[in-house]
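The next block holds one structure in the form of structure tokens; read it before the comments.
2 protein chains.
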Amino acid sequence: MFTELNSFFKNICRFDDATLEEIDKSFEVRHFPKKTQLLRQGEICRFEGFVVKGCLKTYFLNEAGHEVILTFPIENWWVSDIASFHEQKPSRMFIETLEDCTLLFINPQEKEYLLDRFPKLERAYRLMVQRHLATYQERHYQSIAMTAEERYEAFLERYPSIPHRVPQHLIASYLGVSPEFLSRIRSRKVK
Amino acid sequence: MFTELNSFFKNICRFDDATLEEIDKSFEVRHFPKKTQLLRQGEICRFEGFVVKGCLKTYFLNEAGHEVILTFPIENWWVSDIASFHEQKPSRMFIETLEDCTLLFINPQEKEYLLDRFPKLERAYRLMVQRHLATYQERHYQSIAMTAEERYEAFLERYPSIPHRVPQHLIASYLGVSPEFLSRIRSRKVK
DNA sequence: CGCGACGTTGATTTGCCTCAACGATTGTGG
DNA sequence: CCACAATCGTTGAGGCAAATCAACGTCGCG
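Chains as they are written, first to last, in my numbering: chain A, 25 to 215; chain B, 25 to 215.
Written out as structure tokens, the structure reads:
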């Protein structure tokens, strides 16, 4: 029984326990050691993963070959390239574990089957996508309306646990600044 | 009969004509003159609008009181604050017409009713949200990985019709640069 | 006509990047 | 268990992209 995943669906759709158990059957528990690549640019994303334990990064490579971090999925978040997964087209994204991870994987066929069998699930997935959307909207606003220093403050407030788990230069990439500059921001703050 | 809206649903769900007509009944045709505010910061968004005709802007205000443009919804796009609409919580967003507009509005209760009656519609809406998500993801990447000039080129390519319809300083705001700087980019290009 | 909205141009400033050098810490093979 | 490499964070110097401030020309419109 996948307690955390059940909670996710239960909160949204009020399924009974028997249904939740049925849903569980479409997911597969997968363990990945740190630094495993789950998706590479050019591949088609064949999973949606629910993070039971661990921390990952999703990122693009820019022309200079540098990582541009999009998200740090952690416990109780979903990780996938949603567009690639649904349209079965090549992804531009990389997904990689930063820690040893336990994920619940579902593949496109199983998801199709689930949605067919439990149409109410569409709602849960729509909400999942909506949350991702709200996240990106907020970050877009921040990237235009706030300085790097303010974005860093906002990040600390919203994801207090991540700075302890993730190297600083990856956080710099997430914030859209150079590692050197994030270091300077932090040293200014100490005063 | 709302031809464009029907196409949107039909492409995704293959409804028959009788069903499409049923769906139409939940939408209301609304006309708005230019410069009408449909949503203000602090209000709860009570509509999802399908743009039949016209052009709008969605934006935030930053601390300095300047507009930060998020999108320019035009024909065959949806306009709403999705998060505010679904969770019935106050929005941080403004929505305003830039031209005289014809929209098809649906309110939360009607949408609830529709989804209850035609669960397959959940899929259409999920896809709508996914498209918005993909858009924001792309813009986020652009804002970090590309210069203002490259973003402007990408904008022209993707939305060739908008520059003719929208004042230049709003496009600057959309791109995240000052009006002066967009002017300089354009003058450099002429050479 | 006169006003406001809009776009352009110049001068100056600033936020952030790049390059480079240097400690500190962690990891790994011998 | 040590030696050495790799990874990571910090600091300094210099440079560039883009913001800000200010002035001015143009157009549409009441």
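For glycine and all other residues, C-beta sits at the position ideal for the given N, C-alpha and C.
In this text, all values refer to a predicted model and were calculated from it rather than measured experimentally.
Under the DSSP assignment, residue 80(B) falls in the beta strand (DSSP E) whose first and last residues are 80-85.
Spanning the alpha carbons of residue 100(B) and residue 189(A) requires a straight line of approximately 44 angstroms.
Chain-order list of chain A residues neighbouring residue 165(B): 84, 92, by C-beta distance under 7 angstroms. For residue 55(A), the nearest beta carbon of chain B is not closer than 9 angstroms to its own beta carbon. For residue 65(A), no CB of chain B lies under 9 angstroms from its own CB, so it is not counted at the interface with that chain. In the same chain as residue 146(A), and ignoring 5 residues on each side of it, the C-beta atoms closer than 7 angstroms to its own belong to 139, in chain order.
The beta strand (DSSP E) runs lying completely inside the segment 110-163 of chain A and spanning 3 residues or more are 118-121, 125-130, given in chain order. Taking 9 angstroms as the cut-off, the beta carbon of residue 128(A) is found no closer than this to the beta carbon of residue 56(A). One Cα belongs to residue 25(B), the other to residue 53(B), and the distance between them is close to 11 angstroms. Its chain contains 83, 84, 86, 197 as the residues whose beta carbon lies nearer than 7 angstroms to that of residue 92(B), once the 5 sequence neighbours on both sides are disregarded; these appear in chain order. Between the segment 202-209 of chain A and the segment 111-131 of chain A, the count of Cβ pairs shorter than 8 angstroms is below three; the stretches do not touch. The way I'd put it, the segment 153-171 of chain B does touch the segment 158-165 of chain A; three or more beta-carbon pairs between them come closer than 8 angstroms.
Distance between residue 41(A) and residue 32(A), taken at the CA atoms: about 13 angstroms. A distance below 8 angstroms between beta-carbons, with the five flanking residues on each side excluded, links residue 70(B) to the following residues of its chain, in chain order: 109, 131, 132.
Nearest C-alpha to residue 102(B) among 65(B), 61(B), 75(B): 75(B). Bridge pairing for residue 54(B): 127(B) [DSSP].
Proximity of residue 146(B) to chain A, defined by a Cβ-Cβ separation below 9 angstroms, is satisfied. The beta carbon of residue 194(A) sits closer than 7 angstroms to those of 81, 93, all from its chain and outside the five residues before and after it, given in chain order. Taking a C-beta distance under 9 angstroms as the contact criterion, residue 78(A) and residue 122(A) qualify as a contact pair.
By the neighbour-count definition (other C-beta atoms within 10 Å, threshold 16), residue 137(B) is an exposed residue. Within the segment 128-153 of chain A, contact with chain B at the beta-carbon level (separation under 8 angstroms) is assigned to 139, 143, 144, 146, 147, 149, 150, 151, 153. Nearest C-alpha to residue 124(A) among 176(A), 62(A), 47(A): 62(A). For residue 158(B), the nearest CB of chain A lies under 9 angstroms from its own CB, placing it at the interface with that chain. Residue 68(B) holds the alpha-carbon nearest to the alpha-carbon of residue 118(B) among 206(B), 68(B), 50(B), 212(B). Between the alpha carbons of residue 176(A) and residue 106(A) lies a distance of about 27 angstroms. Following the DSSP letters along the chain, one finds residue 192(A) inside the alpha helix (DSSP H) bounded by residues 192-199. The Cβ of residue 193(A) sits no closer than 9 angstroms to any Cβ of chain B. When secondary structure is reduced to three states using DSSP, residue 181(B) falls in the helix class. Looking at the DSSP output, residue 73(B) shares a beta bridge with 103(B), 129(B).
Contact of residue 107(B) with chain A is assigned, a C-beta pair being separated by under 9 angstroms. Between residue 66(B) and the set 97(B), 115(B), 210(B), 59(B), the nearest pair of CA atoms involves 115(B). Interface criterion not met: the Cβ of residue 46(A) is under 9 angstroms from no Cβ in chain B. With its beta carbon at least 9 angstroms from every one in chain B, residue 68(A) lies outside the interface. Taking C-alpha positions only, residue 73(A) is separated from residue 104(A) by approximately 6 angstroms. For residue 169(B), the nearest beta carbon of chain A is closer than 9 angstroms to its own beta carbon.
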